[in-house]
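Here the protein sequences come in this chain order: A and B. The opening residue of the first sequence carries number 137 in my numbering; numbering runs sequentially from there. The opening residue of the second sequence carries number 134 in my numbering; numbering runs sequentially from there. Structure first, commentary second.
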Amino acid sequence: MMRLSRHQIAARVAKDIPDGAYVNLGIGVPTLVADYLPEDREIILHTENGMLGMGGAALPGQEDADLTNAGKVYVTEEIGASYFHHADSFAMMRGGHIDFCVMGAYQVSARGDLANWRTNSTTSIPGVGGAMDLAAGAKHVYVVMDLFSKTGESKLVQNCSYPLTGAECVERIYTDVAVFDVIPAGVRILEIFDDLDAGQLSTLVGFTLIDATTSATVRN
Amino acid sequence: MIDKEVHDAGEAVSGIENGATIMIGGFGPPGQPVALIEALLNRGVSDLVVINNNAGAGGDAISRLFGAGRVRKVICSFPKAIGSTVFDELFLAGKIELELVPQGNLAERIRAAGAGIGGFFTKTGYGTELAADKEVRLIDGEHYVFETPLHADFALIRASRADRWGNLVYRKTARNFGPVMAAAAKVTIAEVDHVVALGELDPEIIVTPGIYVDRFISTGYAPTNPKVTS
Chain A
137 MMRLSRHQIA ARVAKDIPDG AYVNLGIGVP TLVADYLPED REIILHTENG
187 MLGMGGAALP GQEDADLTNA GKVYVTEEIG ASYFHHADSF AMMRGGHIDF
237 CVMGAYQVSA RGDLANWRTN STTSIPGVGG AMDLAAGAKH VYVVMDLFSK
287 TGESKLVQNC SYPLTGAECV ERIYTDVAVF DVIPAGVRIL EIFDDLDAGQ
337 LSTLVGFTLI DATTSATVRN
Chain B
134 MIDKEVHDAG EAVSGIENGA TIMIGGFGPP GQPVALIEAL LNRGVSDLVV
184 INNNAGAGGD AISRLFGAGR VRKVICSFPK AIGSTVFDEL FLAGKIELEL
234 VPQGNLAERI RAAGAGIGGF FTKTGYGTEL AADKEVRLID GEHYVFETPL
284 HADFALIRAS RADRWGNLVY RKTARNFGPV MAAAAKVTIA EVDHVVALGE
334 LDPEIIVTPG IYVDRFISTG YAPTNPKVTS
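And the structure:
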């Protein structure tokens, strides 16, 4: 089977972020999106701990103890950057000022419900961070995830079995197998990377998907 | 004459007693008032309620406060820590209470307390278990959840520079919770890297006006040299 790597998924997301966008990237694969943003677009990265205009990771020896991203990694500032306190930072998210957020997920439902803050495990420590604020407040909520779990179950599901981060908030899902849009009629396939047709993909996911791969090809 | 500088961290945290609710600034290490937390640890008080975004990491001052059994309850958004199992073990053993709050609600509840606001409605958390049993209102066709202010007896925060009136400026992402916590506590104690003469801070760039700050210590810390451990 053909599957995209983490870096290939990140590059695919980056292609869809337009010039002038204010973007919040989550921890993990979403962070990698920054490495693939087209050079000819001015895209401003927001980090929830209080900065707009975040640059790339700090080089060894160039770290500043007072400058980290949400993942507590040392980063740099772009020209034009600004700093603000936490309530202002989250007002940007909750007030609908962030154009795109890209987050990971445990599950996304056919209605766009997002589950990414805890599993049902009784021995894990719950932690929510800013995920619910982004789910509720970003203009466009994009998810990146592997389509199947390590045990082979689809993470795109009819109904989430894990606790929700937000209801009906996800607009697009980028996976190693395909890209999907959540629309009122259901889940629409925009692009398939694997050697599968829409029918086979529906069977693997476990519910009927809307095939829009042809139009997606034309559009791109 | 007003001079809010004190010269000893122990003196700075005097007045904090058993059972106090304490806001501690910082998002991970940036903004964490390490000297004040150490002084609190040395003060030996317990049964504390700590409000902080995290629950300590990698043996830092906050995780030592937990490890020493001084904290009864933590109110935070993300207790999962890199390099520290102190909180995890206490939590799984049922030895510490956790109130998990979405990060934006945490910041806004603190801001509301400082601004004298009795609560607010937010879309964050609607339809999730963190909003279960909370009042919901339909406003302009969307569901909002009612959240209440979060007050504290003390706030321990870190800033970059202060003048003797307690006017504060911060550095980069270390600003995080400092400004909102400073306003939300009955007593706010700051730890700053440097103290400067009154008038030296440009009034246009002061972030936390001294009205919110009760006292501060100056550490002479050089923030541009992080201890890179990983």
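The C-beta atom is built at its ideal place from N, Cα and C for all residues, glycine as well.
Classify A:Lys-275: buried if its beta carbon has 16 or more other beta carbons within 10 angstroms, exposed otherwise. exposed
Within 10 angstroms of its Cβ, does A:Thr-350 collect 16 or more other Cβ (buried), or is it exposed? exposed
Hey, out of A:Leu-188, A:Gly-156, A:Lys-151, A:Met-187, whose CA is closest to A:Asp-171's CA? Between A:Asp-171 and the set A:Leu-188, A:Gly-156, A:Lys-151, A:Met-187, the nearest pair of CA atoms involves A:Lys-151.
For the stretch 137 to 150 of chain B against the stretch 165 to 179 of chain B, are there 3 or more C-beta pairs whose distance is under 8 Å? Short answer: they touch.
DSSP bridge partner residues for A:Tyr-219 (one or two, in chain order): A:Met-187
Using a beta-carbon distance below 9 Å, is B:Asn-186 in contact with chain A? yes
Just to confirm my understanding: we take B:Ser-196, look at its own chain, exclude 5 residues before and 5 after, and list those with CB closer than 6 Å. What are they? Gly-189, Ser-217, Val-219
Inspect the CB distances between the stretch 264 to 284 of chain A and the stretch 252 to 263 of chain B and report whether three or more fall short of 8 Å. yes
How would you call A:His-143, buried or exposed, if buried means at least 16 neighbouring beta carbons within 10 angstroms? exposed
Please decide whether A:Leu-161 counts as near chain B, where near means a Cβ-Cβ distance under 9 Å. no
Throw me the rounded Cβ distance for the A:Ser-290 and A:Leu-332 pair, which I believe falls under 8 Å. That belief does not hold up - the Cβ atoms of A:Ser-290 and A:Leu-332 are roughly 13 Å apart, past 8 Å.
Considering only the beta carbon of each residue, do B:Glu-262 and B:Pro-166 sit closer than 9 Å? no
Using a Cβ cut-off of 7 Å, which residues of the stretch 251 to 262 of chain A contact any Cβ in chain B, in chain order? Thr-259, Ile-261, Pro-262
Would A:Val-369 be called buried (16 or more neighbouring beta carbons within 10 Å of its own) or exposed? In the structure as shown, chain A starts at 137 and stops at 356, and residue 369 of chain A therefore has no counterpart that could be examined.
Less than 9 Å between the C-beta atoms of B:Glu-232 and B:Lys-206, yes or no? yes
Hey, could you find the ends of the alpha helix (DSSP H) A:Ile-145 is sitting in? Run containing A:Ile-145: 142 to 151, per the alpha helix (DSSP H) assignment.
Using the beta-carbon of each residue, which ones in chain B are nearer than 8 Å to A:Arg-230? By Cβ distance, chain B contributes Gly-237, Glu-241, Thr-255, Lys-256, Thr-257.
Take B:Ile-272 as the anchor and find which of B:Phe-254, B:Gly-227, B:Gly-249, B:Arg-348 has the nearest alpha-carbon. Taking only the C-alpha atoms, the option nearest B:Ile-272 is B:Phe-254.
Separation of B:Val-340 from B:Pro-312, as counted between CA atoms: The C-alpha of B:Pro-312 lies about 7 Å from the C-alpha of B:Val-340.
Does A:Asp-333 come within less than 9 Å of chain B when only Cβ atoms are used? No - not a single Cβ of chain B is within 9 Å of the one on A:Asp-333.
If we ignore side chains and look at the alpha-carbon of each, how far apart do A:Asp-155 and A:Glu-178 end up? 5 Å
For a contact defined as C-beta to C-beta under 7 Å, what are the partners of B:Asn-309 on chain A? Chain A residues near B:Asn-309: Asn-185, Gly-186, His-221, His-222.
Let's test the definition: count the other Cβ atoms within 10 Å of the Cβ of B:Ser-363 and tell me whether it reaches 16, buried, or not, exposed. Any reading at B:Ser-363 is ruled out, since the residue's pLDDT is 35, under 50, leaving its predicted position unreliable.
Contact set between B:Thr-321 and chain A, taken where Cβ atoms lie within less than 9 Å: Ordered by position in chain A, no residue passes the 9 Å Cβ test against B:Thr-321, which lies about 14 Å from the chain.
Is it true that the CB of A:Val-211 sits closer than 9 Å to the CB of A:Met-229? no
Chain-ordered residues of the stretch 203 to 218 of chain B with a beta carbon less than 9 Å from chain A: Cys-209, Ser-210, Phe-211, Pro-212, Lys-213, Ala-214, Ile-215
Go ahead and pull the three-state DSSP assignment for B:Phe-310. Residue state, collapsed to three classes: coil.
Buried or exposed for B:Gln-236, going by 16 or more other Cβ atoms inside 10 Å? buried
Decide if the stretch 289 to 305 of chain A is in contact with the stretch 280 to 289 of chain B; the criterion is three or more beta carbon pairs, one per stretch, under 8 Å apart. No, because fewer than three Cβ pairs between the stretch 289 to 305 of chain A and the stretch 280 to 289 of chain B fall closer than 8 Å, the two stretches do not touch.
Rounded to whole angstroms, what is the Cα-Cα separation between A:Gln-358 and A:Leu-250? For chain A, the structure presents residues 137 to 356; residue 358 of chain A sits outside this window and is missing.
Quick one: grab the DSSP three-state call for A:Val-354. Because A:Val-354 sits at a pLDDT of 38, beneath the cut-off of 50, its placement in the model cannot be relied upon, and the point is left open.
Indicate whether the contact test is met: 3 or more Cβ pairs, each with one atom in the stretch 178 to 185 of chain B and one in the stretch 145 to 160 of chain B, closer than 8 Å. Here the stretch 178 to 185 of chain B makes contact with the stretch 145 to 160 of chain B; the two share three or more CB pairs at distances below 8 Å.
Distance between A:Gly-164 and A:Ile-309 (C-alpha atoms, nearest Å): Their backbone Cα atoms lie some 15 Å apart in a straight line.
Mapping the DSSP letters down to three states, classify B:Lys-305 as helix, strand or coil. Residue state, collapsed to three classes: helix.
Does the stretch 220 to 228 of chain A touch the stretch 300 to 316 of chain A, meaning 3 or more C-beta pairs lie closer than 8 Å? no
Where in the stretch 239 to 320 of chain B do unbroken runs of the beta strand (DSSP E), each at least 3 residues long, occur, reported from the N-terminal end onward? 253 to 255, 269 to 272, 275 to 280, 285 to 295
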